[in-house]
Amino acid sequence: MRPWTLLLPVLGGLAAWAGEATPLTLSATTDLLTWHDLLATGPSRFTPTPRPGQYQYSLSLQGNLGPWTGGATLRDVNFYQPNPKITLDRATTTLYKKYLKFDASHWNLQAGDFNTMLGRGLVLSVIQNPAILKEDTIDGGDARYRSGRLEVHALGGTVTTEQQDQSWRVSGFEATVRFLPGNRLGVRAGTIQDGRAPSFGAPPLGLRQSRSVSLAGEDLLGSVNYYVELGHIDFRDQRLPLWPTPVDPRKGDGGYGSLSWHRQGWFLMAEAKHYENFDNQLNNPPLADRDTEKNDLHDASGRRLYAQYSFGSPDLTAFLSAGGYREETLEGRNVYGGFKLQDCFDRLDMTYTYGLRTVQYLEKKTDATLTWRFTPVWSLDLTLRDKRNRPSGADPYEETDLTVQVARSPRFSAYLMQQRSSLAVFDATRLYYGGVRVNFRKGSYLDLSAGRLRGGEVCASGQCITLPPFKGWKAAAHVRW
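So the sequence shown is numbered by our numbering: it starts at 1173 and just counts up by one.
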């Protein structure tokens, strides 16, 4: 860590003091994340010498003055969480995020870094996904206008990965108009052009132009909602392959639709999707499936029915989802169901979900949580995640994660996690990882953890990341001024 970065907390304190002394509302946060990963290496993933001692150090300032809001994050790092096995030779200091917003009665203007999604994400979706360590933003400008029945949205800028190894130039437009009570018609268009390309991996896609049209309705007849969006992508720089393929690489098509009804505790929904060569690298249309599945945009379709009923005191919610899916030439089912129980005996919360998926091979998944509040401040939390895969022509694979946590709200919590796998990691089928967290005033906290983690693929909202195994300790501090 560079010595001058120790001044960042001082700058944060001065900013907070200045906010108290002027009409300008200011706040500051300082974050320190350090890993001691005994498996980390140098800039090349093939470097044999371990390079532990990774860190990320940042100062974020936010301010508000009337209709104006702004902020900036200065960061000093020697590794990136999405690729934690590589330690940089030299730490990099960057103005990581910055933004300036102006809000008026009809206008919302923003410059700098921002997140956005056009429609349901068929054309463009650049939003944060903390579960898979995704923090991409658009660095550029964003303008929104609302007046009566009309809403217009335009944007442009550059998207760069956190590792600075890939970038895209993007632009987008969206307009929606309300007609009849509760109905909306929307049109969207966007362009994506490759900027910086990685030195390995798939070749750049060149210029792609996306567009979509949607029709939506909310609370029709007091209980009915619907949404339909159809999209198309033109890959301008792609050529036909030398041999026939089932998918034309020069164009892509996608569609999503949903119809739902709710009344007196009941919620019923039907969903359908179809995506063919529909990946422009910056879109993420709806899954129409369980949130932890992977979104296949190359050649996939699906449909499902979802039913949910809530009743009783304490609140009890039961749900069931059943759907059929096709990915390439493989077809199968995904059925899951469970319940949620809240405030039973004013002490107990429970959730349970069990599912079977047979699209590529047989998968069985179980997720369960239990929280028991001994007193108004003391509680016990149990979390279970169990996955059992039965690939055809391969050995079965099983993994189970069990986490036990004791907490004294709002100041303290401690947890221990056991990870069990049918395949050995670190020459063991059982791994242990634990930690403690201490909370302070104004949302500040200190988090310490250590042990061994299995790693593997993690999916959320249709997007996935593969995390490598970890062995060592981590420390994180968040200070809000």
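Even glycine gets a Cβ: it sits at the ideal position worked out from N, Cα and C.
Spatial neighbours of R1557 in its own chain (CB-CB distance under 6 Å, excluding positions within 5 residues in sequence) are listed in chain order as D1539 and D1573. Secondary structure at A1303: helix, using DSSP grouped into helix, strand and coil. With respect to the C-alpha of L1454, the residue from L1267, A1263, S1297 and F1251 having the closest C-alpha is S1297. Listed in chain order, the non-local C-beta contacts of P1641 below 8 Å within the same chain comprise L1211, V1597, F1598, R1624, L1625, R1626 and G1627, local neighbours out to five positions each way being set aside. L1477 sits exposed, since fewer than 16 C-beta atoms from the chains shown fall within 10 Å of its C-beta. Listed in chain order, the beta strand (DSSP E) runs fully inside the stretch 1264-1303 are 1264-1275, 1279-1286, 1288-1290 and 1296-1298, counting runs of at least 3 residues. When DSSP reads this structure, L1377 sits in no beta bridge, so it has no partner.
Between S1230 and the set L1459, N1236, G1243 and R1247, the nearest pair of CA atoms involves R1247. In the displayed model, R1560 falls within a strand according to three-state DSSP. The Cβ-Cβ distance between T1541 and T1530 does not fall below 8 Å. Apart from sequence neighbours up to five positions away, the residues of its chain that approach Y1481 with a beta-carbon distance below 6 Å are G1437, W1438 and A1490, ordered along the chain. For Y1252, no pairing in a beta bridge is given by DSSP. Contact check between the stretch 1454-1466 and the stretch 1286-1300: three or more CB pairs, one atom from each, fall below 8 Å, which counts as touching. The DSSP-derived three-state label of K1614 is helix. Sixteen is the threshold: since fewer than 16 other Cβ atoms of the shown chains lie within 10 Å of the Cβ of V1549, the residue is exposed. When DSSP states are grouped into helix, strand and coil, D1515 belongs to the strand group.
Under the 8 Å Cβ criterion, the stretch 1423-1433 does not count as touching the stretch 1601-1613, having fewer than three qualifying pairs. R1580 is classed as exposed because its beta carbon has fewer than 16 other beta carbons within 10 Å across all chains shown. Within the stretch 1445-1492, the runs of beta strand (DSSP E) that reach at least 3 residues and sit entirely inside it are, in chain order, 1471-1483.
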